[in-house]
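Student:
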Amino acid sequence: MLAINDPYALKPPDVYRQARTVASKTSRGSDGNWYREPGDIGFQWHLWFDGGQEVCSATLSCDDRRWRPGPSLPLASLTTGEGVNEVLGELLSPTYFGVRPKALGVILHVADEFTLAEVAPAADSAAEAGNDFNFLRYNLVDSPRQVLADRDVSEDLTSWRLLPFWGSPPDQPASVAVALPRVREAFLKILVEKGEEWAVPIRVAVTSGPLEALAALCVLQPDSPHGTLVAVPYLKFTAVFALSGKGELRAARSLPHRSGSPVPAGMGQILWNMALSEELAGGEGDAQRPPQVLIVSGNAMVLKEASRELDTYSATRKKILYRTMDLSGHPALDQFPGHRPEFLVYDPSAVEQFSAKPPPNGETLTFKALWSGWSTQSFFDTGKLDALYPTRGDLRLLGFSKALVFLLVLSMVGLGGSAMYSFFKAMNHPSWAMTPAALKAIEDKNIKLLAERRQIESTQRLLQARSQGWSAMEFMLQLFPEDAGTRMESFTYSVESARTAPPAKKGVIPETAGMSREWAFKGLAKARTLVLLNNINSQRGLAGFFSQVAQATGDASFTVEPTRQMTISLTQGRNPRFIAESASPEAARDPSIAYPYFFEVTISQSFSEADALALPTVNPL
């Protein structure tokens, strides 16, 4: 078995080494059963005992939903742990489940003690006001002294769990703490240690038998009337639960048995007083309302003795209406070994049926809460044991980091191998054996090839399409559409190289020279033509027009680049020859009289020597 230390007491490197050990030597990183509750595992071992000579042992296989009698276990073994190895070996074989279980949930149903402790009023009021008992429930597990009214308690000897009274009135306690001794935790720890040693997840829990029996009541007696005291006699005590008229839990009491009696002394008077305090009985004379009591037991002798006790009290003192429920012949418990009602809340079929359609009594808040986990809460704090081990997420992250480290090492090895191969290949290259004459010949050849490459690049650059006649004319068509109302009187287009600046160093000739081109035109126009000209009479408008021409023609010389500048000179005015009321024959003889405006435009575009279309100045040949 691994020696696991508290990670909070270790240094970070030690925590990492311990996590690596757990990941490599256990299945916690791959088997989710290590982190599940015992009742959620597919193979379960249930142990019920009430302090008598025998322990009711049962196994449950969730796959086939079948209960079977479990291996026999002496009562003393629950304290000493003797014979656990043999019993556990049988359970992990196909003997009791039909197959070999890969994980095991062990649930200890304690029915030899049912002690109730008062909750501190401040904590109880806070939980009731917030209508949420979960906060108080977890505080009772972690810090019971802050929750219990009695602060002088020993956490090493006793465990407490919360039992809310969902139907309690405002002036009564809203919850109570159920206490169980921790004397059997040694037995459970042995099971856990054996599971660690055999690499089989064994999850354990300790539950309160009376709480589980109360939860099963709504299934065993689905039509039982509300406003009832439910008495569940065990060997050493009788658990009594008060259900309100709406079926909600109002109070609970534990009545000890004296001198070997199967029922508590003065049972009738105790039940009457409890019913009176919980407003389940009362009145005077003919209007007196007797309490209703339901006695639940699987022992016919106990039921007979309880009936005799209540009959005597009814005949001599006050009337009590009671009914009995014999669990030994109840059809809902036939499949459970020992006819134990505590096993019912773990049966997969019963849980599914309750979730799909609860019985009439199961619609209350009390029974819904009991079946949702309040009746099966474990008194064995496995969280402290689980905290010693890394979580499943931590182990998965550790496995991912391990794979990442492996990939990094593999990459480094591959990179080193590639470098060594390249070095070996370079050292064995034929060039190492070349003579000076051969080397000189190769250098001359490279120089010649480089010169040819520069010639080719210069020639390609020289032959680039810088100014095309059709695109220059398309420039005018893009500016003046057919319906623009424009009469062109003159148009010139010119391209020339820019003058090169004197070289910065003497004898150094620049490799490129800029160029410029110009569109100059004038004519007569109507109002729409002036609108088109005014739209380009700005840097933004002119740049947008050049981009439009570039997109329409596909000519790269019209694209707007940082190495290119565009300017426009626009002159416009009224046409002195314009005659507003001119007739068509007159306009045919002299079209100029039909246009109210004239314009003169000069658009220039210059390319710097850094432009891609700059003219090369070096002779490529």
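For reference, each letter of the sequence shown is one residue, going -12 to 608 in the working numbering.
For every residue, glycine included, the Cβ atom is placed at its ideal position computed from N, Cα and C.
In this text the structure is predicted, and so the values were computed from the model without any measurement.
Roughly how many angstroms separate the alpha carbons of residue 525 and residue 461, rounded to a whole number?
Tutor: For residue 525 and residue 461, the distance between alpha carbons rounds to 21 Å.
Student: Let me confirm a value: residue 125 is counted as buried when at least 16 other C-beta atoms fall within 10 Å, else exposed. Which label applies?
Tutor: So residue 125 ends up on the exposed side.
Student: Check whether the region 536 to 544 touches the region 572 to 582, counting contact only when three or more Cβ pairs, one atom from each stretch, lie closer than 8 Å.
Tutor: Because the criterion of three Cβ pairs below 8 Å is not met, the region 536 to 544 and the region 572 to 582 do not touch.
Student: By how many angstroms is the C-alpha of residue 360 removed from the C-alpha of residue 91?
Tutor: The alpha-carbon atoms of residue 91 and residue 360 are separated by roughly 20 Å.
Student: Per DSSP, which one or two residues make a beta bridge with residue 56?
Tutor: According to DSSP, residue 56 bridges with 45.
Student: If we count the other Cβ atoms within 10 Å of its Cβ and call it buried at 16 or more, is residue 246 buried or exposed?
Tutor: Looking at its Cβ environment, which holds fewer than 16 other Cβ atoms inside 10 Å, residue 246 is exposed.
Student: Report the rounded CA-to-CA distance for residue 221 versus residue 98, giving the unit in angstroms.
Tutor: C-alpha separation (whole angstroms): 7 Å.
Student: Give me the residue from 165, 25, 51 and 146 with the minimum Cα distance to residue 104.
Tutor: Answer by Cα proximity: 165.
Student: Compare the C-alpha of residue 469 against each of 362, 513 and 482 and name the closest.
Tutor: Residue 469 has its Cα closest to that of 513, out of 362, 513 and 482.
Student: Using CA atoms only, rank isn't needed, just tell me which of 323, 216 and 551 is closest to residue 591.
Tutor: Comparing Cα positions, the closest option is 551.
Student: Count Cβ pairs between the region 74 to 93 and the region 169 to 186 that sit closer than 8 Å; are there 3 or more?
Tutor: Counting Cβ pairs under 8 Å, three or more are found: they touch.
Student: What residue does the beta strand (DSSP E) around residue 189 start on, and which one ends it?
Tutor: 189 to 195 is the span of the beta strand (DSSP E), which, as asked, contains residue 189.
Student: Return the chain-ordered list of same chain residues with a C-beta closer than 8 Å to the C-beta of residue 454, the five sequence neighbours on each side being excluded.
Tutor: Within the same chain, residue 454 has close Cβ partners 482, 504 and 544.
Student: Between the Cα of residue 32 and those of 18, 413 and 82, spot the shortest distance and give me the residue it belongs to.
Tutor: For residue 32, the nearest C-alpha among the options comes from 82.
Student: Which same chain residues end up closer than 6 Å to residue 308 when comparing Cβ atoms and leaving out the 5 residues on each side of it in sequence?
Tutor: Result list for residue 308: 277 and 279, in chain order.
Student: Taking one C-beta from the region 436 to 451 and one from the region 592 to 607 each time, how about it: are there three or more such pairs within less than 8 Å?
Tutor: Yes, the region 436 to 451 touches the region 592 to 607.
Student: Closest to residue 389 by CA distance: which of 3, -5, -2 and -3 is it?
Tutor: Comparing Cα positions, the closest option is 3.
Student: Of all Cβ atoms in chain B, is any one closer than 9 Å to the Cβ of residue 5?
Tutor: The structure shown contains no chain B; it is built from a single protein chain.
Student: Leaving aside the five residues before and after residue 50 along the sequence, list all residues of the same chain whose C-beta is less than 7 Å from its C-beta, in chain order.
Tutor: Counting only Cβ-Cβ distances below 7 Å, and skipping sequence neighbours, we find 29.
Student: Leaving out the 5 sequence neighbours to the left and right, which residues in its chain are closer than 7 Å to residue 414 when beta-carbon positions are compared?
Tutor: Same-chain partners within the cutoff: there are none.
Student: Distance check for residue 314 and residue 375, CA to CA, integer angstroms please.
Tutor: Taking the straight line joining both Cα atoms gives about 43 Å.
Student: At the level of alpha carbons, what is the spacing between residue 7 and residue 224?
Tutor: About 50 Å.
Student: Going by beta-carbon coordinates alone, are residue 84 and residue 62 separated by less than 9 Å?
Tutor: It is not a contact, given that the beta carbons lie outside the stated cut-off.
Student: Grab the span of the alpha helix (DSSP H) containing residue 393 for me, first residue to last.
Tutor: Run containing residue 393: 379 to 414, per the alpha helix (DSSP H) assignment.
Student: Kindly list the residues whose CB is nearer than 8 Å to the CB of residue 206, restricted to its own chain and excluding five residues on each side of it in sequence; keep chain order.
Tutor: Within the same chain, residue 206 has close Cβ partners 319, 331, 337, 341, 346 and 349.
Student: Can you name the residues that DSSP bridges to residue 480?
Tutor: Paired residue(s): 506.
Student: Three or more C-beta pairs under 8 Å: does that hold for the region 179 to 188 against the region 244 to 259?
Tutor: Because the criterion of three Cβ pairs below 8 Å is not met, the region 179 to 188 and the region 244 to 259 do not touch.
Student: Under 8 Å by Cβ, that's how I've got residue 123 and residue 110 pegged, so tell me the actual separation to the nearest angstrom.
Tutor: Residue 123 to residue 110, Cβ: 6 Å. Contact.
Student: Just reading off the alpha helix (DSSP H) that residue 426 is part of, what are its end residues?
Tutor: First-last of the alpha helix (DSSP H) with residue 426: 423 to 449.
Student: To which residues of the same chain is residue 20 closer than 8 Å at the C-beta, ignoring the five residues directly before and after it?
Tutor: Within the same chain, residue 20 has close Cβ partners 28, 89, 90, 188 and 190.
Student: Have a look at residue 168 and residue 120 and give me their C-alpha separation to the nearest angstrom.
Tutor: Cα-Cα distance, rounded: 23 Å.
Student: Run through the DSSP bridge pairs and tell me what residue 584 is partnered with.
Tutor: Answer is 512 and 561, bridged to residue 584.
Student: Leaving out five residues before and five after residue 273 in sequence, what residues of the same chain have Cβ atoms less than 7 Å from its Cβ?
Tutor: Confidence in residue 273 is poor, its pLDDT being 46 and thus under 50, which makes the residue's placement too unreliable to answer from.
Student: Taking Cβ positions, are residue 353 and residue 266 nearer each other than 9 Å?
Tutor: In this structure, residue 266 does not lie closer than 9 Å to residue 353 by Cβ.
Student: Would you decide whether residue 434 is buried or exposed? Buried here means 16 or more other CB atoms lie within 10 Å of its CB.
Tutor: Exposed, by the Cβ-count rule.
Student: Looking at the strands, I want to know which residues DSSP matches up with residue 283.
Tutor: 312.
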